[in-house]
């Protein structure tokens, strides 16, 4: 990842608003027309990001919605080995749902169905539908055969669309790909001799997609919210239980990127995009030292929402490894309020004081394309991000 001695470079977390005509094609299920429209749409979203002042841009994660399967579902067309099977009566779930601890504290809210998948904005095709309480599933995903990657043509098309869009433009490109925990940990293993063998097989399969991205000279963003959200999945665990699990998770993640250039890899984690209280999120202080054991060149973390904005101080005690980059989210997907550039600058100056300006990029908490009320707000937030980064850089130079 690029460093700059005078500026704080800017990027974002992932998904971005899609053109209305592309959304219409997705809603109509016109897959051939969607595939034809995608490369042009990627070019348009790259131009919009650069116009906002971003230095590292992506394809808007359009592919994750374009195949009508959402944030994580896209990968199931690229990796085989699982079946969807009926849950045997009396079989306990492998884990609880993504906000189990919050639900225990706020049972009335969850029973009412008023909790939302996003932040109150319209949920576009390919993303979760808000306004409904979680339902008990009658089926589950089960690994019943060897895990294998079959998405070579798909990732090649993603890479080609982004690289074409970047031609002649002064910006770096990244592609977000699902992490092995988020792909495999929630499914039941009925094929491999152990859970460890199963998760390492998931990691090996995903490495093919990861390698394609880095071989193309692009930045790989591994989306691994489960590094932080696993705490909610297991409400009976203690912090010590979670840390033991995350030690093994670090091994899985490092296996997935073995042999790949660390300086082209950034690991993203967050506390989930659900519009809920988040009072039961695990504190960053309990997991930051484990996060930086992952052999990535940068760590993108949620730092703008009101449950985690104070956690910049964690980095006073947890030292960022030499040569690594921290990408805190200084603009949040959890509110339609557009952050003032001065607030963005203040947050960045705080981080610079504990990790060093030279080790800092500015980012967003998570993908914001489907989580705020209107696309105009998204672009305004990204402009505020770039403006705030410029203010912070100037302030730090004058210190």
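Residue numbers (the numbering used here): 18 to 416.
Even for Gly, the Cβ is constructed at its ideal location relative to N, Cα and C.
List, from N- to C-terminal side, the beta strand (DSSP E) runs of 3 residues or more that fit wholly inside the region 331-369.
342-348
Under the three-state DSSP convention, the category residue 397 falls into
helix
Let me confirm a value: residue 161 is counted as buried when at least 16 other C-beta atoms fall within 10 Å, else exposed. Which label applies?
exposed
Return the CA-CA distance between residue 117 and residue 392, expressed in angstroms with no decimal places.
31 Å
If distances are taken between C-alpha atoms only, which option among 273, 127 and 54 comes closest to residue 214?
273
Can you name, in chain order, every residue of its own chain whose Cβ lies under 6 Å from the Cβ of residue 270, other than the five neighbours on each side?
311
On the criterion of 16 or more Cβ atoms from any shown chain inside 10 Å, does residue 281 qualify as buried, or is it exposed?
buried
Quick one, which of 284, 386 and 24 has its alpha-carbon nearest residue 241's?
284
Under the three-state reduction of DSSP, which class applies to residue 327: helix, strand or coil?
helix
Let's test the definition: count the other Cβ atoms within 10 Å of the Cβ of residue 297 and tell me whether it reaches 16, buried, or not, exposed.
buried
In the DSSP assignment, find the beta strand (DSSP E) that holds residue 285 and state where it starts and stops.
282-286
Take residue 98 and list the residues in its own chain whose beta-carbon comes closer than 8 Å to its own, dropping the five residues that flank it on each side.
160, 161, 162, 163, 164, 165, 208, 218 and 222
With the cut-off set at 8 Å, would you say residue 398 and residue 359 are in Cβ contact?
no
Compare the beta carbon distance of residue 27 and residue 326 with 8 Å and say whether it is the shorter of the two.
no
Pick helix, strand or coil for residue 440, following the three-state DSSP scheme.
No answer is possible for residue 440: it lies beyond the span of the chain, which begins at 18 and ends at 416.
Status (buried if at least 16 other CB within 10 Å, exposed otherwise) for residue 38
exposed
Option nearest residue 348 by Cα separation, candidates 306, 380, 331 and 115:
380
With burial defined as no fewer than 16 other Cβ atoms inside 10 Å of the residue's Cβ, what is the status of residue 388: buried or exposed?
buried
Taking only heavy atoms of the ligand MG into account, decide whether any of them is closer than 7 Å to the Cβ of residue 176.
Judged by which ligands are present, the structure shown has none, so any question about the ligand MG falls away.
Just the C-alpha distance for residue 52 and residue 193, rounded to the nearest angstrom, thanks.
19 Å
Three-state class that DSSP yields for residue 140 in the structure shown:
Residue confidence is low: residue 140 scores 42 on pLDDT, short of 50, so the model does not pin down where it sits. Its coordinate-derived value is still stated next. It is coil, neither helix nor strand.
Could you check whether residue 203 and residue 54 sit closer than 8 Å to each other, using their CB atoms as the reference points?
no
Report, in whole angstroms, the separation of the C-beta atoms of residue 72 and residue 188, which I expect to be a contact under 8 Å.
6 Å
Three-state class that DSSP yields for residue 371 in the structure shown
helix
Three-state class that DSSP yields for residue 221 in the structure shown
helix
Using the rule of at least 16 other Cβ atoms within 10 Å of the residue's Cβ for burial, across every protein chain shown, is residue 170 buried or exposed?
exposed
Just to confirm my understanding: we take residue 307, look at its own chain, exclude 5 residues before and 5 after, and list those with CB closer than 7 Å. What are they?
260, 263, 264 and 267
With DSSP as the reference, label residue 91 as helix, strand or coil.
helix
Buried versus exposed, by CB contacts within 10 Å (16 or more), residue 258
exposed
Please state the DSSP three-state secondary structure of residue 147.
Reliability of the predicted coordinates at residue 147 is poor, the pLDDT of 42 falling under 50, and the value obtained from them is presented with this limitation in mind. Reduced to three states, the DSSP call for residue 147 is coil.
Under a Cβ-count criterion, where at least 16 other Cβ atoms within 10 Å of its own Cβ denotes burial, should residue 414 be classed as buried or exposed?
exposed
Measure from the alpha carbon of residue 62 to the alpha carbon of each residue in 255, 29, 234 and 411, then state which is nearest.
29
Residue 106, buried or exposed, once every other Cβ within 10 Å from all chains shown has been counted against 16:
exposed
Residue 254 versus residue 67: straight-line alpha-carbon distance, rounded
44 Å
Residue 163 (DSSP reduced to helix, strand or coil)
strand
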